[in-house]
Amino acid sequence: MARSHHRPKKHPPQQHHAVSAKTKRKGMPVITIFGAAFGMLLGYLIAGNIIALFIGLIVGGALGYFIGNSIDSSK
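In terms of this note's numbering, the sequence shown is residues 393 to 467.
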């Protein structure tokens, strides 16, 4: 009679999960926020008024967005 409890067990096949596109794009929001904060600081230190602060925010955020997007697309 066959003794099945002595036979080696077969391991189930491992599943390989593909990395989604959302997990690859993690640098862009962080660089955008830091770029906006740096632009705000630079605009306020150079001109010293609120309008320059908002202009620095917009320009720094846009620059950070494009830099972060190019870094993420190169990965």
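Idealized CB from N, CA, C, for every residue including glycine.
Legend entry - Range covered by the alpha helix (DSSP H) that runs through Asn461: Counted as a single uninterrupted DSSP element, the alpha helix (DSSP H) harbouring Asn461 occupies residues 442-465.
Inset, instruction - May I ask you to check if the CB of Lys402 is nearer than 7 Å to at least one heavy atom of the ligand ATP? - result: Summarising the ligand content, the structure contains no ligands, and the ligand ATP is consequently not present.
Legend entry - Pro421 - DSSP class collapsed to helix/strand/coil: helix
Legend entry - Burial state of Gly456, where buried means 16 or more other Cβ atoms lie within 10 Å: buried
Inset, instruction - Excluding the 5 residues preceding and the 5 following Thr424 in the sequence, name in chain order all residues of the same chain whose CB lies nearer than 8 Å to its CB. - result: Excluding sequence neighbours, Thr424 sits near Gly453, Gly456, Tyr457, Gly460.
Legend entry - Closest Cα partner of Met432 within the set His408, Leu445, Pro405: Ranked by Cα distance from Met432, the first of His408, Leu445, Pro405 is Leu445.
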